[in-house]
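Sequential numbering of the sequence shown, starting at 748, is according to this note's numbering. Glycine included, every Cβ here is placed at the ideal spot set by N, Cα and C. Note that the structure is a prediction, hence the values are computed from the model and not measured.
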Amino acid sequence: MKSNDFDLFIIGAGSGGVRAGRVAASLGAKVAIAEEKYLGGTCVNVGCVPKKLFVYASSFEDEFQGAKNYGWDTGDIHFDWKTLINNKNNEIKRLNSVYERLLSESGVELINGRATLTGSNTISINDKNYTASNILIATGAWPDVPEIHGKENIITSNEAFYLDSLPKSIVVVGGGYIAVEFAGIFNGLGVETTLLYRAPLLLRGFDDEMRKFLTNEVDKKGIHLIANNTIESISKSEDCYKLQLADNSEITTNLIMCATGRRPNITGLGLEKAGVELDKNRAIKINNDYQTSNPSIYAIGDVTDHYALTPVAIAEGMVLANALFGNKITDVDYKNIPTCIFCQPNFATVGYSEEEAREKFDKIQVFKSEFTHLKHSISGSNERTLMKLIVDTASDEVIGAHMIGYDAGEIIQGIAIAIKAGVTKAQLDSTIGIHPTAAEEFVTMRIPV
Ligand code: NDP
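Rendered as structure tokens:
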């Protein structure tokens, strides 16, 4: 019997697909990976990496202001968008080639083009057909723009990364990760920024008290917040757009960016032909082993309805490759996934919110610390920091940690390790702090609120 061309054929060379391919190849599997756009997927090209570079760029204004109180004469300050874009693009090009090298060094065959499933074990790409014992779909997701009259005038984060110039004003629509992060970016770069969201508070699903605090901090940064509202229609006049809102008010702006969620990338994949079913959100349905309704086809990352986070897709890719080719059965631990919204200040979190904890545990204790970061004691910034710990009273285990403040993402990563290891409040209390840091507050909160 003729053997298949590949042991594993991966569609999509993003974070999850590339990691699955490299691990599978290191375990001796013959692997191909198909990619129609760019290596590294959303994270490298139009997501985490360029976003974080933009966040850094946007935070300099505050730094320059604060520097004056520290005795620095910063002179005239200018920002040049083109320089930022060029340097960002060069860094992405560098990362694209790193990905290419990593794939070729691990023996994964890269096929450029759009792959379509033609059966359980067959794929067609560039008019050529391939066979594979296993197929992995790791095609990620794409921004979703609501059906609004005039939606052709809206950009998404994809385009925001490549604007020719910065607008004078922008309306960012949505109250999730991308909207809050980009509002901070544009505002920090001097664009008159409005954040328009349909809920009373930003970031649904996170701890309510943290959300209120963050909404206030974002407001203090000068972002104009419009809550409980949506766009009904958009009309274009000369150099601006007129937005008709649901409450009958009207606003004008030079640019509109929607960050209203992302939709799994499944168009034209040939899923029906291969008998791969979708769930109610039009994401690929998988079981606990990442297997779709077709047993030889798997899916990981944002194309499924799991957590849309790069490190999660990477973890899924590794677990799957190890299970298929290394006889090593492990699980991705979806409990206590830490996450950070890179707005200004950062909002990072791990574990249960206070509301979730009150529902799931008989009795909890909440510890809180709100303060001005030492840096801002003389910088002139009115930014405040909030930290919060949630503890299960019965076991004394720390079941949630939340922080809004400078470098919260860096700090919560460490706390997440402790929580995953089952840290108790008593153990946090007996940990010696590093003084003077903001992080030491996590080991010095003594009195529950
Ligand atoms: P999110 O799901 O985080 O947020 C979408 C937002 O859009 C919500 O506020 C939602 O409101 C709102 N919305 C949805 N539909 C409409 C509509 N028709 N009209 C008005 N508002 C609407 O999606 P994002 O696009 O921000 O990000 C996608 C995912 O990518 C995130 O969930 C996250 O997992 C990941 N990501 C992670 C980042 C990180 O780790 N730092 C950064 C960026 C993205 P409501 O809440 O009321 O439904």
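Exercise. Between the C-alpha atoms of I872 and I824, what's the straight-line distance to the nearest angstrom?
Worked result: 51 Å
Problem set entry | Secondary structure of A779, DSSP reduced to three states | strand
Problem set entry | Length of the line joining the Cα atoms of K968 and T940 | 10 Å
Exercise. Sorry if obvious, but does the Cβ on L1056 come closer than 7 Å to a heavy atom of the ligand NDP?
Worked result: yes
Problem set entry | Residues near I902 by beta carbon distance below 6 Å, same chain, minus five either side | M1004
Problem set entry | Backbone secondary structure at A1082 - three-state DSSP | Residue identity differs from the one stated: residue 1082 is Lys in this sequence, not Ala. The answer is coil: DSSP assigns K1082 none of H, G, I, E or B.
Problem set entry | Residue range of the alpha helix (DSSP H) that includes K1167 | 1155-1167
Exercise. Expressed to the nearest angstrom, what Euclidean distance is found between the alpha-carbon atoms of S1040 and R861?
Worked result: 22 Å
For this session: Please work out which residues of its chain come closer than 6 Å, Cβ to Cβ, to K835, disregarding the five sequence neighbours upstream and downstream, and give them in chain order.
Result: P797, L800
Exercise. Buried or exposed: H896, going by 16 or more other Cβ atoms within 10 Å of its Cβ?
Worked result: exposed
For this session: Please go through the same chain and pick out, in chain order, the residues whose beta-carbon is closer than 8 Å to the beta-carbon of E946, but skip the five residues on each side of it.
Result: Looking at the sequence provided, one finds Ala at residue 946 rather than Glu. Excluding sequence neighbours, A946 sits near G922, A974, N975.
Problem set entry | Coil, strand or helix - N1093 by DSSP | strand
For this session: Taking the CB atoms as reference points, tell me whether A1070 and S867 lie closer together than 8 Å.
Result: no
For this session: Please confirm whether N1028 and D1049 have their CB atoms less than 8 Å apart.
Result: no
Exercise. Is the CB-CB distance between L990 and V918 below 8 Å?
Worked result: yes
Exercise. Taking 7 Å as the line, does the beta carbon of F933 fall inside it for any heavy atom of the ligand NDP?
Worked result: no
For this session: To the nearest angstrom, report how far apart P1183 and L1121 are at their CA atoms.
Result: 8 Å
For this session: With a 10 Å radius around its C-beta and 16 neighbouring C-beta atoms as the bar for buried, classify P1195 as buried or exposed.
Result: exposed
For this session: Report the rounded CA-to-CA distance for A926 versus E1103, giving the unit in angstroms.
Result: 24 Å
For this session: Please classify P1204: is it buried, with 16 or more other beta-carbons within 10 angstroms of its beta-carbon, or exposed?
Result: Here the chain comprises residues numbered 748 to 1196, so residue 1204 is not present and cannot be evaluated.
Problem set entry | Integer Cβ distance of R1009 from D891, believed to fall under 8 Å | 6 Å
Exercise. Can you tell me the Cα-Cα spacing of D955 and T1077, whole angstroms?
Worked result: 34 Å
Exercise. Based on the DSSP secondary-structure assignment, which residues constitute the bridge partners of E856?
Worked result: A779
For this session: Give the straight-line distance between the Cα atoms of I1146 and I757, rounded to the nearest whole angstrom.
Result: 37 Å
Problem set entry | Straight-line Cα distance separating D809 from S1128 | 8 Å
For this session: Using 10 angstroms around the beta-carbon of W1045, count the other beta-carbons present and answer buried if the total reaches 16, otherwise exposed.
Result: Going by the sequence as given, residue 1045 is Tyr instead of Trp. Classification of Y1045: buried, given that the 10 Å Cβ count is 16 or more.
Problem set entry | Cut-off 7 Å between Cβ atoms - residues of its own chain near N751, not counting five sequence neighbours on either side | N868, T878, A879, S880
Exercise. How should T999 be labelled, buried or exposed, when 16 other C-beta atoms within 10 angstroms of its C-beta is the threshold for buried?
Worked result: exposed
For this session: Please classify V855: is it buried, with 16 or more other beta-carbons within 10 angstroms of its beta-carbon, or exposed?
Result: buried
Exercise. Using the beta-carbon count (16 or more within 10 Å), is I1179 buried or exposed?
Worked result: exposed
For this session: Taking 8 Å as the cut-off, decide whether the C-beta atoms of S904 and V793 are in contact.
Result: yes
Exercise. Taking the alpha-carbon positions, what's the A1163 to L1056 distance?
Worked result: 16 Å
For this session: Any chance you could list the beta strand (DSSP E) runs of at least 3 consecutive residues sitting entirely within the region 848-907, in chain order?
Result: 856-859, 862-864, 869-872, 875-884, 888-890
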